[in-house]
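Below: the structure, in structure tokens.
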Amino acid sequence: MLVLSRKLGEKIVIDNEIFVTILDVRGDVVRLGVEAPKRITVHREEIYKEIVTSNQLAQQKATGHLTVSNTLSKVGELSKQVTPAKSNLNTKS
Amino acid sequence: MTTSPQLRQIQTERFGAVSVDEASIITFVQPILGFDSLKEFALFDHDDASPFKWLQSLEDPSLAFVVTNPTLFGHDYEFNLPQEACSVLNVQRAEDVQVLTLVTVPEESPLHMTANFLGPIIFHNDTRHAMQLILEDSEIYGTKVRLIPDEAIAADGSIHLEVIQSKQKRVNS
């Protein structure tokens with residue numbers, strides 16, 4: 001692993017296009033600013049891992065398909081009796 | 094002028110050989126995490142008017158996810174679409190996109206199905222470009238939110254509709 005020392009306000013550059021700035025250091029909490037092109041995604045590691053695990057559990061196996069399919073059909077009866085969903089989103093952020 | 098749809102023949106393990114309209118194919122511009130190599134998916138209704146859909150990989154015939162919109166189960170599921178996501182998917186208005194959550198259905202107790210609220214799939218209705226969004230800054234959403242609460246499941250495994258309907262009314266009021 002590459003280890004670099006940086007002072008407050010200083011940056012590192014990764015692959016010519018990703019800039020990481022040390023914004024704040026308070027006790028054992030470091031705030032980082034990341035500037036990167038849109039196609040680069042940046043996540044907190046623990047959240048990233050949680051999503052990957054959840055996605056893997058969600059992937060359906062063809063073996064259990066019938067049970068799952070029957071349950072979905074049974075639960076699906078609900079939707080004929082409920083009101084349509086309103087929008088989930090606000091685009092103002 | 095109307096053009097006839099361009100159909101693509103795909104192979105799936107569950108649904109056999111299916112023709113899908115090219116224009117309906119969903120392309121992930123940012124991946125479903127952990128499935129980074131899979132870009133193209135088709136969305137099938139489970140059956141008419143079902144709250145569930147199947148997100149079927151076009152690159153892996155065996156891979157499919159069950160997806161739904163949790164508001165159909167009376168969940169108050171709302172978030173701000175971050176600026177970066179708007180620009181990645183070229184979203185102008187909230188109506189441009191659809192929101193779906195991945196559903197995990199445990200084989201031994203399928204009614205205890207959960208939805209991943211933390212990492213919703215969003216896609217643009219017109220371009221069909223999609224991404225898995227991670228709601229980094231929201232504290233309230235988990236990856237294992239029960240869609241059907243215990244109190245809505247009867248001892249014999251049937252579902253008390255009225256429990257879900259009353260949740261629905263609360264959310265929509």
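For the record, the sequence lines run as chains A and G.
For the first sequence, our numbering gives the first residue as 1, with consecutive numbering after it.
For the second sequence, our numbering gives the first residue as 94, with consecutive numbering after it.
By construction, the Cβ of each residue, glycine as well, lies at the ideal position given by its N, Cα and C atoms.
Query                                                                                                                    : Result
Within-9 Å CB hit, A/I18 to chain G                                                                                      : no
Where G/N218 meets chain A, residues with beta-carbon distance less than 7 Å                                             : What G/N218 touches in chain A: nothing, since even the nearest Cβ is about 12 Å away.
Beta-bridge partners of A/R26, as assigned by DSSP                                                                       : A/V29
Alpha-carbon to alpha-carbon, G/I215 and G/V190                                                                          : 6 Å
Same chain, Cβ closer than 7 Å to A/P37, five either side skipped, listed in chain order                                 : E17
Interface flag, A/T21 vs chain G, CB-CB below 9 Å                                                                        : no
Other residues of its chain near G/M206: CB distance less than 6 Å, five sequence neighbours each side excluded          : V196, V198 and L240
Check whether G/I119 and G/F108 have beta carbons under 9 Å apart                                                        : no
Residues that G/T197 bridges to, as DSSP identifies them                                                                 : G/T207
Chain A within 9 Å of G/V111, Cβ atoms only                                                                              : no
Range covered by the beta strand (DSSP E) that runs through G/A223                                                       : H222 to Q225
Alpha helix (DSSP H) segment containing A/S73, residue limits                                                            : H65 to G76
Given 8 Å, three or more beta-carbon pairs between the stretch 49 to 60 of chain A and the stretch 148 to 165 of chain G : yes
The stretch 135 to 151 of chain G in contact with the stretch 244 to 257 of chain G per 3-pair CB rule at 8 Å            : no
Which of helix, strand or coil DSSP assigns to G/F166                                                                    : helix
Exposure label - A/L4; buried when at least 16 CB within 10 Å                                                            : exposed
Residue burial classification, G/Q104 (beta-carbon count within 10 angstroms, cutoff 16)                                 : exposed
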